[in-house]
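Engineer:
Number of protein chains: 2
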Amino acid sequence: MNANATQRKDQGANAHSGRHGEQALEILQALRVDIISGELTAGSLLRQQLLAERFGVSRMPIREALYRLEAEGFISFTPNKGAVVAPVSAEDLREIYEMRVAAETLALRLAVPELTNTQIDRAEDLQIEMEKASLTEFGTLNAAFHRILLLPCARPRLLAHIENLENAADRYLRVTVATLDYAGKSHSEHRALLEACRRRDQDAAVNCLRQHIEEGGETLYRHLTQSASA
Amino acid sequence: MNANATQRKDQGANAHSGRHGEQALEILQALRVDIISGELTAGSLLRQQLLAERFGVSRMPIREALYRLEAEGFISFTPNKGAVVAPVSAEDLREIYEMRVAAETLALRLAVPELTNTQIDRAEDLQIEMEKASLTEFGTLNAAFHRILLLPCARPRLLAHIENLENAADRYLRVTVATLDYAGKSHSEHRALLEACRRRDQDAAVNCLRQHIEEGGETLYRHLTQSASA
DNA sequence: ATTTATATATTTGGATCCAATATGAATGTT
DNA sequence: AACATTCATATTGGATCCAAATATATAAAT
Chain A
1 MNANATQRKD QGANAHSGRH GEQALEILQA LRVDIISGEL TAGSLLRQQL LAERFGVSRM
61 PIREALYRLE AEGFISFTPN KGAVVAPVSA EDLREIYEMR VAAETLALRL AVPELTNTQI
121 DRAEDLQIEM EKASLTEFGT LNAAFHRILL LPCARPRLLA HIENLENAAD RYLRVTVATL
181 DYAGKSHSEH RALLEACRRR DQDAAVNCLR QHIEEGGETL YRHLTQSASA
Chain B
1 MNANATQRKD QGANAHSGRH GEQALEILQA LRVDIISGEL TAGSLLRQQL LAERFGVSRM
61 PIREALYRLE AEGFISFTPN KGAVVAPVSA EDLREIYEMR VAAETLALRL AVPELTNTQI
121 DRAEDLQIEM EKASLTEFGT LNAAFHRILL LPCARPRLLA HIENLENAAD RYLRVTVATL
181 DYAGKSHSEH RALLEACRRR DQDAAVNCLR QHIEEGGETL YRHLTQSASA
């Protein structure tokens, strides 16, 4: 399959939003979304000229965005040939989730003692919303839920790393989240996590989160290794 | 202090080494080394024109290298003003070491069952060499020692992440490694780690590594918070 | 003398141009 | 027909050019 997600021309919206020095960031964001959402599939060639036309800019800001995308691990360059969307694999998925467990449990352990009741309440609100929400909203609400519990760790590097891992994971999530009864189990795990946070019980909270992430990863892993699709 | 490390002109060596599509990578490497080694100090402005002259190329490959450096966390851009070398701080150092513990213990846990006796022997050789080596060689030998024990985990994302963290840590290491009696303690810790690996004792090995990294971080942290220099 | 306004110069961000490499088609040879 | 060679084309990587923004210097006004 080819990079035909680049066909729709939305330069009208993008090109004149932030004038000087921000185009590349918007392009980066847009391409990242395209890869995560699956509009750009693994192996797709990213033609600079096509992207430039799509966004209504020259190739320069495109290149800038591509360099950063490569650093984030979403694409890879081969010299004089161009950039292709990084492949997906069950091993990669497993690795991402192993790293998420390590990074997010560290962040949570550091965050729990700093959590305010207000923040926990806010997380609970999000959880309540999430349980009523549609599948399209689930992703953002879920991300917000996790973020609010981890942010108080106040570790910018770690949080950026986690965000990158979650983006990487979302590439795999897309395929499966719609089909599975993942949501139900996730909700009760979130509830347990909130309880542990309320008691400021680091170990319990960390174990909840570890289990939560691991089970999510397991589910995806099984789904990916079974169905050879995507 | 300004970016006067950019004065020496070494374009003769760099410009014609790899012709098409590799300049940026060499420049990236060179700038990374300059930042880690301290030739480019925190807050230094990175003038594209100066760098272009230093490396004997146009501003284009410079920009490419800078974008990637930013993604690695070594510099940061402010729109229309340019790039500056990222600041250092005790909190950042602490964070790096917290992340190293999480990432490297994960890698080691996965690597230990895969380790061959040959690899452990090779690590021991490196350790023996290290104990006789000078301070200038210590850094590379130490890195090689850790790498050989972690590589068998076969997790490319994780290993790249660890490499980035070690580069980030090296920025702080530089200041202190010369002055401290860090080496002696490090050697015995390495020995203990090797022993645990020989027994294929995951938990013991992971605990050794955790302690090793934590103590290294502690030492640096104390040194950095005491002496307000650099 | 200090401050404000204006003009100038430097620098980044983006567009265009050119060279080197790779891709693909056409042609020729066996 | 299969394969190699040559030539045309497309694409990347790098250089140059231009515009927008910022910083600096100069002049004017209080």
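As they're listed, the protein sequences go chains A and B. Quick note on numbering: the numbering used here labels position 141 of the first sequence as 141, and the sequence is numbered without any gaps. Quick note on numbering: the numbering used here labels position 198 of the second sequence as 198, and the sequence is numbered without any gaps. No residue lacks a Cβ here, since even glycine has one placed at the ideal position from N, Cα and C. These figures come from a predicted structure and were not determined experimentally.
Answer yes or no: do L46 of chain B and V101 of chain B have a C-beta to C-beta separation smaller than 9 Å?
Structural biologist: The answer is no: Cβ separation not under 9 Å.
Engineer: Any idea what DSSP makes of L165 of chain A, helix, strand or coil?
Structural biologist: In the structure shown, L165 of chain A sits in a helix (DSSP, three-state: H, G or I).
Engineer: Could you pull out every residue in the same chain whose Cβ sits closer than 8 Å to the Cβ of R210 of chain B, ignoring the five residues on either side in sequence?
Structural biologist: Hits under 8 Å: V101, T105.
Engineer: What are the complete alpha helix (DSSP H) segments, minimum 4 residues, inside the stretch 114 to 156 of chain B?
Structural biologist: Within the stretch 114 to 156 of chain B, the complete alpha helix (DSSP H) runs of at least 4 residues are 117 to 132, 135 to 150.
Engineer: Kindly indicate which three-state DSSP category S76 of chain B falls into: helix, strand or coil?
Structural biologist: Looking at S76 of chain B - three-state DSSP - the assignment turns out to be strand.
Engineer: For N4 of chain A, which residues in the same chain have their Cβ closer than 8 Å to its Cβ, ignoring the five residues on either side in sequence?
Structural biologist: Note that N4 of chain A scores a pLDDT of 38, beneath 50, so its modelled location is shaky; the value from the coordinates is reported in the next line. If we look at N4 of chain A and ignore the five residues flanking it on each side, it has no Cβ neighbours.
Engineer: Going by beta-carbon coordinates alone, are L31 of chain B and E98 of chain A separated by less than 9 Å?
Structural biologist: Contact flag unset, no.
Engineer: Give me the Cβ distance between Y221 of chain B and L93 of chain B, rounded to the nearest whole Å; I'm assuming they're in contact under 8 Å.
Structural biologist: 6 Å between Cβ atoms; contact.
Engineer: Classify R54 of chain B as helix, strand or coil using the three-state DSSP reduction.
Structural biologist: Here R54 of chain B sits in helix by DSSP.
Engineer: Against N80 of chain A, what residues of chain B qualify as contacts under a CB-to-CB distance less than 8 Å, listed in chain order?
Structural biologist: Within chain B, the residues near N80 of chain A are H20, G21.
Engineer: For A204 of chain A, write down the residues that DSSP places opposite it in a beta bridge.
Structural biologist: In DSSP, A204 of chain A forms no bridge with anything.
Engineer: Give me the Cβ distance between H20 of chain B and N80 of chain A, rounded to the nearest whole Å; I'm assuming they're in contact under 8 Å.
Structural biologist: The Cβ separation is near 6 Å, so the contact holds.
Engineer: Cβ of E163 of chain B less than 9 Å from any chain A Cβ?
Structural biologist: Chain A, which has no Cβ nearer than 9 Å to the Cβ of E163 of chain B, makes this no.
Engineer: Beta carbon of R68 of chain B, beta carbon of L28 of chain B: below 9 Å?
Structural biologist: Result yes, Cβ atoms of R68 of chain B and L28 of chain B sit closer than 9 Å.
Engineer: Comparing alpha-carbon positions, which option in A:N117, A:S186, A:E22, A:D121 lies nearest E218 of chain A?
Structural biologist: The shortest Cα separation from E218 of chain A among A:N117, A:S186, A:E22, A:D121 belongs to A:S186.
Engineer: For a cutoff of 9 Å on Cβ pairs, would you count T225 of chain B as touching chain A?
Structural biologist: Judged by the 9 Å Cβ criterion, T225 of chain B is not in contact with chain A.
Engineer: Relative to the alpha-carbon of G263 of chain A, which residue among A:Q202, A:E166, A:E195, A:A204 has its alpha-carbon at the smallest distance?
Structural biologist: As displayed, chain A neither begins before 1 nor continues past 230, which places residue 263 of chain A out of reach and without an answer.
Engineer: Just to confirm, does Q23 of chain A get its C-beta within under 8 Å of one of the non-hydrogen atoms of the ligand MN?
Structural biologist: This structure simply doesn't include the ligand MN, nor any ligand for that matter.
Engineer: What is the DSSP secondary structure of V84 of chain A, counted as helix, strand or coil?
Structural biologist: V84 of chain A: strand per DSSP, three-state reduction.
Engineer: Which same chain residues, not among the five before or five after S58 of chain B, have their C-beta less than 8 Å away from its C-beta?
Structural biologist: Cβ within range, chain order: A52.
Engineer: Would you give the residue range spanned by the alpha helix (DSSP H) that E22 of chain B belongs to?
Structural biologist: Run containing E22 of chain B: none; DSSP gives neither H nor E here.
Engineer: Report the three-state DSSP secondary structure of L110 of chain B (helix, strand or coil).
Structural biologist: Of the three classes helix, strand and coil, the one that applies to L110 of chain B here is helix, per DSSP.
Engineer: Identify each residue in the stretch 76 to 100 of chain A for which the Cβ-Cβ distance to at least one residue of chain B is less than 8 Å, and report them in chain order.
Structural biologist: The residues in question are P79, N80, D92, E95, I96, E98, M99.
Engineer: Whose Cβ in chain A lies nearer than 7 Å to the Cβ of Y172 of chain B?
Structural biologist: Those within 7 Å of Y172 of chain B in chain A number zero; the least Cβ separation is about 13 Å.
Engineer: If you reduce the DSSP assignment to three classes, tell me which class L45 of chain B lands in.
Structural biologist: Strand at L45 of chain B.
Engineer: Pick helix, strand or coil for Q11 of chain A, following the three-state DSSP scheme.
Structural biologist: Per-residue confidence for Q11 of chain A stands at a pLDDT of 37, beneath the threshold of 50, marking its modelled position as unreliable; the derived number appears in the next sentence. In the structure shown, Q11 of chain A sits in a helix (DSSP, three-state: H, G or I).
Engineer: If you drop the 5 nearest sequence neighbours on each side, which residues of the same chain put their C-beta closer than 7 Å to that of A204 of chain A?
Structural biologist: If we look at A204 of chain A and ignore the five residues flanking it on each side, its Cβ neighbours are A196.
Engineer: May I ask which residues mark the beginning and end of the alpha helix (DSSP H) holding R191 of chain A?
Structural biologist: That run of the alpha helix (DSSP H) goes 182 to 198.
Engineer: Going by C-alpha distance, which of A:N164, A:I148, A:A169 is nearest L194 of chain A?
Structural biologist: Checking every option, the nearest Cα to that of L194 of chain A belongs to A:I148.
Engineer: Which chain A residues sit within Cβ distance under 7 Å of Y67 of chain B?
Structural biologist: Near Y67 of chain B (Cβ distances below 7 Å), the residues of chain A are E64, Y67, R68.
Engineer: Within 8 Å, do at least three Cβ pairs link the stretch 104 to 122 of chain B to the stretch 138 to 155 of chain B?
Structural biologist: Short answer: they touch.
Engineer: Pick helix, strand or coil for A230 of chain B, following the three-state DSSP scheme.
Structural biologist: Residue confidence is low: A230 of chain B scores 43 on pLDDT, short of 50, so the model does not pin down where it sits. Its coordinate-derived value is still stated next. Three-state DSSP puts A230 of chain B in coil, outside helix and strand.
Engineer: Report the CB separation of L287 of chain A from A90 of chain A in whole angstroms; it is logged as a contact under 8 Å.
Structural biologist: Chain A is shown from 1 up to 230; residue 287 of chain A falls before or after that span and cannot be answered.
Engineer: Name the chain B residues that come within less than 8 Å of E72 of chain A, Cβ to Cβ?
Structural biologist: Those within 8 Å of E72 of chain A in chain B are A71.
Engineer: Any beta carbon of chain B sitting closer than 9 Å to that of Y221 of chain A?
Structural biologist: Judged by the 9 Å Cβ criterion, Y221 of chain A is not in contact with chain B.
Engineer: So, is the C-beta of R32 of chain B closer than 9 Å to a C-beta in chain A?
Structural biologist: Output row for R32 of chain B: interface = no.
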